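What follows is a set of notes on a single structure, which appears directly below.
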Amino acid sequence: MDTPTSCDPRVLLDCKTLYDSSKVALLDSVVDAMFGNCNTTSRDAAHKILGELKSLPDAWRNVAVILSTSRNTNTKFLALQILESCIGTRWNILPEQERAGIKQYVSELVINMAMEEKTWVEEKHLLTKANENLIQIAKREWPEKWPTFISEICKSSHASQIICENNMHILNMLSEEVFDFGQEQITSTRVATLMNRMASEFCTVFDLCLFVLVGASKNPEVLKQSLIKQTLTCLAHFIKWIPLGYIFEPYNHQGIPVSILDLLLNNFWEPLFFRIECTKCFSEVANLDLHQNEVQMFSNRLISFWTQLVNKFALLPPNSTNYDNTSYVSPQMRMFWETFYLQFALLTTNFLKRYHQDIVTATRDKQSILLVLERLIRVTEANHEETFKITLDYWHHLTKMFLMPEQRKSLGIAGENDPTAESFSDYRLLLVAVQKVFINKMAKPQEIYIMYDSESGEVTREYDQNTAEITLYNRMKQTLIGLTTLLQDDTERLMLEVLDREMAMAQGVSHSKNNEDWDSTALNRLCYSVGAISGAMDEGVEKRFLVQVIKSLLNICEVKTSTSHKAIVASNIMYVVGQYPRFLKANWRFLHTVLNKLFEFVRETFPGVQQMACETFLKLSLTCGKVIVSSCGNTEPYLTVLLNNRDMVASYLDDKLLLIYYEAVGNVISAASPDIQPGLIQKLLESCNVQWQQVLRAIQSDNCDALSCTRAAFFFLRANTRIAKTTGSAFTCQLGSIFPAMMNLYSCLSLQISKQVAEQGLSCIKNTLIVAKNQTKRAVLHLIETFVSNVSPPKDPSTVQVINTIFDSCITYVFVDYQKSHPDLRDPDVLTLAECFVTNVDCNLCQIFDTMFECTLNMVKQDFHSYPDHRENFYNLLGKSVQHRFSGITCLLPSAQSTLLKSLIWAFRHEHPTLSDKGLKITYNFLRGMGLGLDQPPTEYMLEFCREHYYMLLDEVLSVLTDTLHRSGFKTQTEILRLLIGAIESGKLHLPQAGLEKIQVMRHLVEIITRAFATINVTQAEAFILDIFNYSIITDKTHSDALEVVTSKFQITIQDLLLSIKEYSEQSNETHALHRDQAVARSRHM
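Under UniProt numbering, the first residue of the sequence shown is numbered 1, with each subsequent residue one higher.
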């Protein structure tokens, strides 16, 4: 290999020579190539060099030279990254002298950088990275080897305001590392040590915070505003964990008692520059999770604090909540008020959720709460999504609080002098105002397909559902239902007022001052609200209310001349009627009118109207099917009308919507008497059956349009699938009449496809006709699957006979065809059909595995990407087989069982989290199925399986547990490991001749961990393994509380192991030996 020259970037990787100015200049050029505008080749080469440089174990030795010599900010940042990596991984194996040197260097570096105004302003990210290095050192050295770290930080803060502000950053970062992210980065014992030490030394930190804040209160012009703001930010974070006495009791600062809450309220609320940070502090106080005895202890201070807050709230500008309106709030202040009211919402809602009743009980005065709630209503009206969600959550909480005594009162439990009933009257007007806001802002439910774009003024169909809005709708719906239960008459009045206004506007007589074009937003949101409160009113009130709403909507629809406007109103009508099955079932005449109107909408061509009409009919068929089937139209039973109008309806609908219609009629048929259902199915499918016979005859002839015939067969099968889905066993007769021809068609299509592929190659499978044939084959599978799923378990002998016939035919026609076909021609839905049989039928699992298991596994195990649908369905089949047919698993040949286990291992090693998690869950259920973790004697099958496969499975689970690619499966991975270890620890699995005894398994685990990870020494590994065994025993009789504790300790031990392998352990074994001895003691105790 050529020796690199002084200009060759590879010289940077030479660890034998220290860096000088020339090597630093070369490093600057490589960094410039990485981050500059160089070509891709240069950038890739620079990336490779820098990556190798970072990985060098001694690269940190050049950091000081790089930082002092380089003028390139990116190079300096790289140097600090190298140092951070060394501290994070190799700190414990560095000599003590070198650790002390790095500690002193980083400390001085932080102070020197903080003292330079230029660095503070222009290179703050470098200072932040230096701070992170200091924190990484502190996490390893403090408090045992650096007990003065906190005091040194606080003492140096008096040197200058810039250093003090940076030290506040450092203290905040340390708090976050320990209390927020500690469990993810530090072992549990280390986290506990740091938490306790930080809490015990907090008085020093608190003195520093008070030094700044008290000084600012006395001489605000002397201190930098950024220092005060940073101190408030730190304090807000500290409040989450500091002892409560610091917050609620006076603190002796320099001989003067100081109340932190009073200090903040009196000095940092009024200045707008500090108000948001000050409010964040108060929000954290309000969010403290106090025990009841703590609430009683500090109740006077809490009430006093609330009173002071309310006095401050009362002075807020009345129009400041309208921060979107420049008439009230200047554009420069908009962001301030938006952020402030977000914090205001957090503060007030958290406080009232926890202390509402305490405030009322202690003060006998609800006015303060009412004042705050009035402001909160205005905040709810503001156009800010995050703030609205916070207030919505509180209104839901408040509604539930009043709803519970309302329910007690309705049951006759609450007396006339119930104080909660009295208090509700004080809040009624406020809750009415809240309800009004919700009606005006109601989110759109998922049933609505037609939307009005207020920006463009156009009406369009929405194809992609907004999941966030649907979630918001569901939360608003729950709250509105509660409000309606409490405020039934007010709800009716509010909604009808909005409806009257919309009706007047539709007729051209607007109640508003601005005579603008009709905007449907208000009507839409009203209808969403009307639909949301279904069932919340008394039945008589609901009937009166709904009749008026529907009549008004129908009138608006008649008045509107624009097609798009009619479509909007039609969608609202359909949504509303679909939400009120109780009313419709009790009022056939109205339901009859609604059904007729739906069939009018079916003829509407505006996008989305037909689909919504069909889906509304489908919903009504589910909820009102018995009423429809037992009622008459004008001259004949309405079901007869539906059957007779089938062809007329079909002429207006495309295939997709016609299938919905068939499913809806099927629902109505399923509500009829069982003895007439088969005849009704024949009547519904009469024309379809005729077309089916025509298609079969055409396919057998040579003069047919193959594509049109195939598509016709495809639609017929899908229509039958919809009917089978809704009618269950009543479909048996129809299926029996078409099944032989259906299976012959499946075989015929398979042969045609295979022949064409053999002649033209695999590329022809994208041919339109081949695609249609594959779709038709899949439709056969779906029909069988739907029928079997909906008649399970079969009750009458004829149905059992039909299902047995179907299973035998599927083995012959479908599963064998799957096995013999080319991998690219195998339909993954065949696996789904097999899963259906496994789940619902007492079938022969060996027959399924013989035809499908090995050939599918050979497809999916080639790599992690090919045949994704087959892979997913294959493991679904395995999962159901383990869950429902474990006895069949035990009957498999040993070679098949070995292959099954390897397929599960391959699954949980997969790089895709979904499949990996699925493989883990199947493996867990497999182990439970054979008896691991259950309080029962070991079975012969379990002993034989573990004798052959225990160590392989143990090693594989430990492998995925300790790598970095499968973190999402941690919980299930540890559960599997616990089952394996617990079987040994409990003595349930004791096979010395196979190496399955406790001491041998322990030695095996210690060996593979120390061999795989150089960062772990033997003593350290032994300590972990002992505790893993200590916390592994759980049976099905373990109490739930004990189960949670033991499982948690087991997982924490594993988590500590995973954290420990990231960095080298100390060369001294004293600490690890102590942990091992403690684990041994726990083992004896347990």
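The beta carbon of each residue, even a glycine, is placed where N, CA and C say it ideally should be.
Every value quoted in this text rests on a predicted model; they were computed, and no experiment measured them.
Beta-carbon proximity check, residue i vs residue j, cutoff 8 Å
i, j, result
"Ile276", "Phe340", "yes"
"Thr786", "Phe815", "no"
"Glu84", "Glu132", "yes"
"Leu261", "Phe305", "yes"
"Phe268", "Leu232", "yes"
"Gln435", "Leu487", "yes"
"Ser789", "Cys836", "yes"
"Leu598", "Thr616", "yes"
"Leu781", "Gln734", "no"
"Ala1023", "His1075", "yes"
"Cys857", "Ser903", "The sequence given here places Leu at residue 857; Cys does not occur at that position. Taking 8 Å as the Cβ cut-off, Leu857 and Ser903 qualify as a contacting pair."
"Arg603", "Tyr661", "no"
"Glu447", "Tyr575", "yes"
"Asp647", "Ser687", "yes"
"Asp827", "Arg871", "no"
"Val802", "Thr732", "yes"
"residue 1087", "Arg525", "Because the chain is modelled from 1 through 1086, residue 1087 falls outside the range shown and cannot be assessed."
"Glu663", "Leu591", "no"
"Gly215", "Glu1063", "no"
"Leu639", "Ile628", "yes"
Outcome for residue i when other beta-carbon atoms lying within 10 angstroms are tallied against a minimum of 16
i, result
"Gln677", "buried"
"Ala1081", "exposed"
"His865", "exposed"
"Val121", "exposed"
"Leu680", "buried"
"Thr485", "buried"
"Asn720", "buried"
"Asp58", "exposed"
"Thr479", "buried"
"Thr321", "buried"
"Ile242", "buried"
"Cys86", "buried"
"Glu284", "buried"
"Lys76", "buried"
"residue 1094", "Here the chain covers residues 1 to 1086 and nothing more, so residue 1094 does not appear."
"Glu516", "A caution first: Glu516 carries a pLDDT of 47, below 50, which makes its placement in the model unreliable, though a value can still be read off. By the neighbour-count rule (16 or more Cβ atoms within 10 Å), Glu516 is not buried but exposed."
"Leu109", "buried"
The ligand SAM heavy atom lying under 7 Å from the CB of residue i
i, result
"His158", "Because no ligand of any kind appears in the structure shown, any question about the ligand SAM cannot be addressed here."
Spatial neighbours of residue i in its chain, beta-carbon cut-off 8 Å, leaving aside the 5 residues before and after
i, result
"Val63", "Ala79, Leu80, Ile82, Leu83"
"Val838", "Leu845, Ile848, Leu877, Lys880, Ser881, His884, Arg885"
"Gln507", "Val559"
"Phe149", "Ala138, Glu141, Trp142, Pro143"
In DSSP terms, what residue i is bridged to
i, result
"Ile256", "His253"
"Pro637", "Cys632"
"Lys996", "It is worth fixing the name first, because residue 996 is Leu in this sequence and not Lys. DSSP lists Leu991 as partners of Leu996."
Sequence-distant residues of its chain with Cβ nearer than 6 Å to residue i (five each side left out)
i, result
"Ser534", "Gln579, Tyr580"
"Tyr323", "Val329, Arg334, Trp337, Glu338"
"Asn1017", "Ser1065"
"His511", "With a pLDDT of only 44 at His511, under the threshold of 50, the placement of this residue in the model should not be trusted; the figure read from the coordinates follows. So the list reads Arg501, Ala504, once near-sequence residues are dropped."
"Thr1010", "Ile1016, Val1018, Ala1021"
"Phe601", "Ala570, Val609, Ala613"
Close-in-space but distant-in-sequence residues of the same chain around residue i (CB under 7 Å, 5 per side omitted)
i, result
"Thr363", "Ile303"
> Does the segment 366 to 377 touch the segment 307 to 318, meaning 3 or more C-beta pairs lie closer than 8 Å?
Replying inline: yes
>> Between the segment 724 to 740 and the segment 748 to 766, can you find at least three pairs of beta-carbon atoms closer than 8 Å?
In response: no
>> Under 8 Å, with one C-beta from each stretch per pair, do the segment 330 to 345 and the segment 382 to 395 reach the 3-pair mark?
In response: yes
> How do the segment 868 to 887 and the segment 907 to 921 stand: do at least 3 beta-carbon pairs fall below 8 Å, yes or no?
Replying inline: yes
> At a cut of 8 Å, does the segment 157 to 170 reach the segment 221 to 235 through at least three beta carbon pairs?
Replying inline: yes
>> Using 8 Å as the cut-off, can you tell me whether the segment 189 to 208 makes contact with the segment 139 to 159, which would need three or more C-beta pairs spanning the two stretches below that distance?
In response: yes
> Would the segment 286 to 299 and the segment 242 to 249 be scored as touching if the rule is three or more Cβ pairs under 8 Å?
Replying inline: yes
>> Does the contact criterion of 3 or more C-beta pairs under 8 Å hold for the segment 950 to 967 versus the segment 976 to 985?
In response: yes
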